[in-house]
Ligand code: C5P
């Protein structure tokens, strides 16, 4: 069979990662978490003492860190210059600064290039999740899905993940990050015209997975 390319986009807390990993595992495809790559370069910028408020400073060093993503959905790995950063990229410090770093065009162009080469190398095909996969990174994807959910549902899911985090505070932080991601100039968070929109507010994770698996099978 031809490799199948699946793009899954949407705001934070819609279940993109859980869905994408499960769909890839179920169908024997590779998996790429592009948010993890933006988090990894943000972690490197913060650790290197780069001023996050200064897009020129960020642009000047955007090509420096070596970011390596493992594409096994059962063991997705991420490293920067050989250091495993899987845990380090999930901190509040990185989360609150990732939108500023990922808005810089030089950051986006080099990460986009990485994403395209990983997608091209996936022999069976790949599920790529992010914000601009269907619109910019892989505009010729075989299937594009745009996941949405109410702000309440998204905040509740995220606070559940963060174990005991304040739902109201999580909701505010999510809304702020989505607003930043949607309003940036270079390849903002957006639904591609040919994407299938799935509102996950009233769906269980299992239902969302089943829905996307069915959509992929229809394309194969
Ligand atoms: O998906 P996740 O919440 O880990 O993404 C972290 C951040 O990375 C997003 O808020 C966004 O700023 C950035 N991102 C992006 N483009 C993508 C994926 C993520 O700009 N394709």
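Residue numbers (full-length UniProt numbering): 6 to 225.
For every residue, glycine included, the Cβ atom is placed at its ideal position computed from N, Cα and C.
Secondary structure at residue 146: coil, using DSSP grouped into helix, strand and coil. Per the DSSP secondary-structure output, residue 88 pairs in a beta bridge with 85. As the crow flies, the alpha-carbon of residue 193 is around 19 Å from that of residue 67.
Relative to the ligand C5P, the nearest heavy atom lies less than 7 Å away from the CB of residue 135.
Boundaries cannot be given for residue 20, as no beta strand (DSSP E) includes it and DSSP labels it neither H nor E.
The ligand C5P has a heavy atom closer than 7 Å to the beta-carbon of residue 138.
Proximity of the region 193-203 to the region 115-123 falls short of the contact definition, fewer than three beta-carbon pairs being nearer than 8 Å. For residue 123, the enclosing alpha helix (DSSP H) has its first and last residue at 110-126. Comparing alpha-carbon positions, the option among 32, 19 and 27 lying closest to residue 9 turns out to be 32. In the structure shown, the three-state DSSP call for residue 185 is helix. Bridge partners of residue 104 according to DSSP: none are assigned. In terms of Cα proximity to residue 191, the closest of 158, 172, 141 and 157 is 141.
Spatial neighbours of residue 73 in its own chain (CB-CB distance under 6 Å, excluding positions within 5 residues in sequence) are listed in chain order as 84.
The beta carbons of residue 159 and residue 18 sit about 3 Å from each other, so the pair counts as a contact at 8 Å.
According to DSSP, residue pairing for residue 152 in a beta bridge involves 203. Under the three-state reduction of DSSP output, residue 164 falls in the helix class. The Cβ neighbour count for residue 143, taken over all protein chains shown within 10 Å, is at least 16; the residue is labelled buried.
According to the DSSP assignment, residue 40 belongs to the alpha helix (DSSP H) that extends over 39-52. Short of 8 Å from the beta carbon of residue 94, and not among the five residues preceding or following it, lie these beta carbons of its own chain, in chain order: 41, 44, 45, 47, 48 and 83.
The Cβ-Cβ distance between residue 12 and residue 224 does not fall below 8 Å. Distances from the CB of residue 103 to the heavy atoms of the ligand C5P include at least one below 7 Å. A residue is called buried once 16 or more other Cβ atoms fall within 10 Å of its Cβ, and residue 187, having fewer, is exposed. Where residue 134 is concerned, there is no enclosing alpha helix (DSSP H), although the beta strand (DSSP E) around it starts and stops at 130-135.
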